[in-house]
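Structure, as structure tokens:
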Amino acid sequence: MPLIENNELYNNSFTRNFGIITSEEQAKLRNARVTVVGAGGVGGITLIQLARMGVGKLHVIDQDSFEESNLNRQMLSFVSKINSPKAEVAKEILHDINPELEVKVTREFVTEENAHDLLGDTDVIVDATDNLVARVIIHRTAADMGIPSIWIAVTPPFRGGVMCMTPDSLPYEVAMRHPSYQQPLTPEMREKINQIKDERAKYSVSQGALPEWADAYVKREAPWAVLAPVANIVGVLASFEAFKLIIQRPDLLPAVAPNLVKVNLASVQMVQVEAPAEGSWDNTLL
Numbered sequence: 176m177p178l179i180e181n182n183e184l185y186n187n188s189f190t191r192n193f194g195i196i197t198s199e200e201q202a203k204l205r206n207a208r209v210t211v212v213g214a215g216g217v218g219g220i221t222l223i224q225l226a227r228m229g230v231g232k233l234h235v236i237d238q239d240s241f242e243e244s245n246l247n248r249q250m251l252s253f254v255s256k257i258n259s260p261k262a263e264v265a266k267e268i269l270h271d272i273n274p275e276l277e278v279k280v281t282r283e284f285v286t287e288e289n290a291h292d293l294l295g296d297t298d299v300i301v302d303a304t305d306n307l308v309a310r311v312i313i314h315r316t317a318a319d320m321g322i323p324s325i326w327i328a329v330t331p332p333f334r335g336g337v338m339c340m341t342p343d344s345l346p347y348e349v350a351m352r353h354p355s356y357q358q359p360l361t362p363e364m365r366e367k368i369n370q371i372k373d374e375r376a377k378y379s380v381s382q383g384a385l386p387e388w389a390d391a392y393v394k395r396e397a398p399w400a401v402l403a404p405v406a407n408i409v410g411v412l413a414s415f416e417a418f419k420l421i422i423q424r425p426d427l428l429p430a431v432a433p434n435l436v437k438v439n440l441a442s443v444q445m446v447q448v449e450a451p452a453e454g455s456w457d458n459t460l461l
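Heads up: take any position in the sequence shown, counting from 1, add 175, and you land on this note's numbering.
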């Protein structure tokens, strides 16, 4: 812990924010509570950015530990942290950025049974998991509790997206044309949801992903392919959407569903906000 008093350290740490945001907006960040589900490639950089903006309370939910395959993209992963719990490593690093930061750690997987307990008492929920059924549970729960939530995705080869859901917006499952909207998550429905990601893998070949990878992924012989710049840019964008939801500036509106922050680093227009032509998105194409 630095010898300098925490309050003074906080004020000095975020001096460079002023001129871009007001002291009142910085106070909103300092008092904000953000829950991030997943502390991996996208969630890790989102947590770091939120801490470096001065968000005062973060809840990190992740049951996994770091492994060697995380080193290519996950900003909280280091060789020295292999086999260490991701959520605990996140807490350690986030406290090193801001010792005043309140970090709650939960090493559990979000389920229908625990979602309301895990995701309550927060201002914004960031969905940085890579499990499509968990995503449905997260956004259903957020909507039920009236809490804004942020969806993040990364898709090979260089694509990604960020979208915000609010109590007044199009629901996540409608915005993404999921077959599960207002349906129970039976084993059969969970399988249908998981098949969406298989179709995304197949479609990604038309966008430049390697056919042999997509075939191996669908056969459960290869993990989801992610390159560091894509994962980290999408995480940075998600942190900025959280920032907008927190400070609530009238002239700085978040991309609320069905509007989507669309990322394609292979495109001349690498990042742009788009509205779907048909009112919703086909998640197999994102």
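Glycine is no exception: its CB is placed at the ideal position from the N, C-alpha and C atoms.
It should be emphasised that the depicted structure is a prediction, and the values quoted were computed from it without experimental measurement.
Are the beta-carbon atoms belonging to residue i and residue j less than 8 Å from one another?
i: Gly219; j: Ala262; result: no
i: Glu277; j: Lys203; result: no
i: Ala432; j: Tyr347; result: yes
i: Ile327; j: Val409; result: yes
i: Pro332; j: Ala391; result: no
i: Glu282; j: Pro260; result: Here residue 282 is Arg; the residue named in the question, Glu, does not match the sequence. Yes. Within cutoff.
i: Val299; j: Val235; result: no
i: Leu184; j: Glu287; result: no
i: Arg248; j: Ala406; result: yes
i: Leu440; j: Pro404; result: yes
i: Ala430; j: Glu416; result: yes
i: Ile313; j: Val401; result: no
Does residue i pass the burial test, meaning 16 or more other C-beta atoms within 10 Å, or should it be called exposed?
i: Ile257; result: exposed
i: Thr190; result: exposed
i: Phe241; result: buried
i: Asp305; result: buried
i: Arg310; result: buried
i: Gln423; result: exposed
i: Arg395; result: exposed
i: Ile179; result: Caution is warranted here: a pLDDT of 44 is assigned to Ile179, below 50, making its placement in the model unreliable, and no coordinate value can be reported.
i: Thr297; result: buried
i: Phe193; result: exposed
Who are the Cβ neighbours of residue i in its own chain at under 8 Å, not counting the five residues just before and after it?
i: Ser244; result: Pro398
i: His291; result: Thr316, Asp319, Met320
i: Trp456; result: Ala350, Met351, Arg352, Pro433, Leu435
i: Ala413; result: Val217, Thr221, Val301, Ala303, Ile325, Ile327, Val337
i: Asn369; result: Leu307, Val308
i: Val393; result: Asp373, Ala376, Lys377
i: Met176; result: For Met176, the predicted structure reports a pLDDT of 35, less than 50, and the residue's modelled location is therefore unreliable. The matter cannot be settled from this model.
For residue i, list the residues DSSP reports as bridge partners.
i: Lys437; result: Gly336, Gln447
i: Val409; result: Note: Val409 sits in no beta bridge, so no partner.
i: Arg208; result: Lys232
i: Phe193; result: Ile196
i: Trp326; result: Asp302, Met338
Take residue i and list the residues in its own chain whose beta-carbon comes closer than 6 Å to its own, dropping the five residues that flank it on each side.
i: Gln224; result: Val411, Ser414
i: Ser252; result: Phe241, Asn245, Leu246
i: Phe284; result: Gln238
i: Gly446; result: Looking at the sequence provided, one finds Val at residue 446 rather than Gly. Around Val446: Val438.
i: Glu449; result: Leu435, Lys437
In its own chain, which residues sit with a C-beta less than 7 Å from the C-beta of residue i, not counting the 5 before and 5 after it?
i: Val230; result: Leu204, Ala207, Val209
i: Thr330; result: Arg375, Ser379, Leu461
Uninterrupted alpha helix (DSSP H) stretches inside the segment 234-287 (no shorter than 4 residues): 261-272
Which whole runs of the beta strand (DSSP E) in the segment 370-434 are 3 residues long or more, in chain order? none
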